[in-house]
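Position 41 (the sequence shown) corresponds to 755 in the working numbering; numbering is contiguous.
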Amino acid sequence: MAKNGYVVVDLETTGLHEDRGDRIIEIAMLSLDPEGRFEDVWTSLVNPERSVGPTSIHHIRPEDVVGAPRFADLAPKILRTLEGRVFAGHNAAFDHLFLSAELHRMGREDAIDSIPRVCTMMQCRRFFRVS
């Protein structure tokens with residue numbers, strides 16, 4: 715059990731390769747208390763300051779992100795939401811990698827490195843013997 719609870723994170727991105735310039739275009743964060751009870755949820759589109767990538771995958775169009783905040787505008791809220799909690803998500807490594815890359819662009823590469831994380835995809839495989 716996490717002392718301060720969990721934050722379930724889900725991202726949509728412009729592509730699969732943060733090291734090739736792909737960016738976050740949508741973020742959702744659901745906060746749970748240590749017993750897993752709902753506390754808060756928030757979502758935001760993110761202006762990637764580049765092409766939105768394949769809309770057939772995430773269904774986010776360029777015009778959807780024109781007035782959206784940039785990641786740097788959302789970073790303080792993202793970091794406050796994660797503070798003292800376990801980062802959770804389905805394929806958490808992917809979402810964590812993209813958040814780290816965005817924070818690195820801001821000079822805050824170490825901001826989430828020490829946050830513990832749990833991957834629900836890996837847990838499903840473990841508990842349900844999915845291959």
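Note that the Cβ used here is the ideal one computed from N, Cα and C, for glycine as well.
Between F812 and T728, the C-beta spacing is not below 7 angstroms.
By the neighbour-count criterion, in which a residue is buried when 16 or more other Cβ atoms sit within 10 angstroms of its Cβ, I792 is buried.
Cβ-Cβ distances below 7 angstroms link V832 to V800, A802 and A806 in the same chain, with the five nearest sequence neighbours on each side left out; the list follows chain order.
Residue burial annotation: P762 is buried, with at least 16 other C-beta atoms found within 10 angstroms of its C-beta. In the DSSP assignment, D787 falls within the alpha helix (DSSP H) that extends over F785 to L796.
Rounded to the nearest angstrom, the Cβ distance from H804 to M835 is 5 angstroms, consistent with a contact under 8 angstroms. Counting the other CB atoms within 10 Å of its CB gives L759 a total of 16 or more, which places it among the buried residues. Counted as a single uninterrupted DSSP element, the alpha helix (DSSP H) harbouring S770 occupies residues T769 to H772.
Here the C-alpha atom of L788 lies approximately 12 angstroms from the C-alpha atom of I739.
Straight-line measurement puts the Cα of L746 at about 5 angstroms from the Cα of E753.
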